[in-house]
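Colleague: Residue numbers (UniProt numbering), protein chains in the order written: chain G, 1 to 111; chain E, 1 to 111.
Number of protein chains: 2
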Amino acid sequence: MSAAPAKHDVFQAVADPTRRKLLSLLGDGERPLKDITGHFSMTRTAVSKHLRILSEAGLVKERRVGRETRYSLDTEPLLELKAWLSYFDRFWENKLSMLRAYVESDTDESS
Amino acid sequence: MSAAPAKHDVFQAVADPTRRKLLSLLGDGERPLKDITGHFSMTRTAVSKHLRILSEAGLVKERRVGRETRYSLDTEPLLELKAWLSYFDRFWENKLSMLRAYVESDTDESS
DNA sequence: TTGACATGAAACCATATGGTGTCATATAAT
DNA sequence: ATTATATGACACCATATGGTTTCATGTCAA
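1) What residues are listed by DSSP as bridge partners for E:P32?
2) Could you check what DSSP says for G:K61 in three-state terms: helix, strand or coil?
3) If you compare alpha carbons, which of G:H50, G:R31, G:H39, G:H8 is closest to G:R63?
4) Which chain E residues sit within Cβ distance under 8 Å of G:A15?
5) Give every residue of the same chain whose Cβ lies closer than 7 Å to the Cβ of G:R20, excluding the five residues on either side of it in the sequence, and list them in chain order.
6) Ordered along the chain, which non-local residues of its own chain (more than five positions away) have a Cβ less than 8 Å from that of E:H50?
7) Starting from the beta carbon of E:L78, find every residue of chain G whose beta carbon is closer than 9 Å, and list them in chain order.
8) So that I know if they touch, is there some Cβ in chain G lying closer than 8 Å to that of E:S24?
9) Among G:R70, G:E68, G:F91, G:L73, whose alpha-carbon lies nearest the alpha-carbon of E:L77?
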């Protein structure tokens with residue numbers, strides 16, 4: 001099988017406030033859809049769609065139990081975000097690097 | 001209805017791969033739009049729109065110098081992302097918390 | 001002053017996104 | 001067996017998003 005095209009990545013998944021709230025909620029443990037829906041002011045279908053997107057990004061696992069689908073958090077994909085952020089660490093960790101960046105950008109001043 | 005500001009937040013800003021590439025580029029220092037555009041296969045206008053979105057999120061500063069607009073990186077808003085991510089630290093930092101979450105979600109098993 | 005250059009602004013377009021409502025189906029409860 | 005529940009699958013809709021092209025304007029160079 002060829003690797004899944006991964007329609008939604010973790011950056012997109014996390015971009016929506018509803019989905020971020022979903023992740024926090026699931027941080028407390030596995031929950032069925034109906035239970036989750038109670039925490040939002042939108043329809044069950046809408047919540048389900050958000051969970052689908054989170055699932056495609058690997059942030060959530062689904063598991064059928066009886067007639068309900070239980071969702072649980074998987075934080076592993078957040079490591080990609082963490083890694084991406086770490087690229088910018090040099091801009092906070094010490095003022096010298098910030099100064100260097102400033103000086104480098106200031107070599108062609110014309111006014 | 002009242003016209004909402006509809007501003008862009010840092011999560012949305014960072015969701016687009018082009019914009020993430022822009023941030024890396026600007027990590028090397030301030031650059032004028034024309035220079036930036038050369039690194040992408042889209043039109044100058046499109047790049048400009050992306051920079052506008054980054055600017056609204058506070059991730060980029062614009063500065064007019066003669067007839068060009070120079071863009072520079074401001075990583076400060078990324079701290080919000082970092083802070084949000086830190087909420088999930090407990091899921092990686094020790095296996096015990098993961099185990100706890102698992103056990104808590106497993107109290108109503110019916111299989 | 002004339003013309004090239006860098007950018008902004010606006011109109012437009014196709015597709016993605018975030019929502020809704022309705023209906024079908026599997027499972028649980030009576 | 002019948003009914004209530006939980007969910008998924010669709011069809012549909014309005015707006016956002018990411019891109020284009022065209023035109024206007026301010027600035028630099030001859």
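Glycine is no exception: its CB is placed at the ideal position from the N, C-alpha and C atoms.
Modeller: Judging by the given coordinates:
1) Looking at the DSSP output, E:P32 bridges to E:R70.
2) Strand at G:K61.
3) Comparing Cα-Cα distances from G:R63 to each of G:H50, G:R31, G:H39, G:H8, the minimum goes to G:R31.
4) Counting only Cβ-Cβ distances below 8 Å, G:A15 has contacts in chain E at F11, Q12, V14, A15, in chain order.
5) The residues are V14.
6) So the list reads D16, T18, R19, L22, once near-sequence residues are dropped.
7) Correct list: L85, F88, F91, W92.
8) Chain G contact via Cβ: present.
9) Residue identity check: residue 77 of chain E is Pro in the sequence provided, not Leu. The option with the nearest alpha carbon to E:P77 is G:F91.
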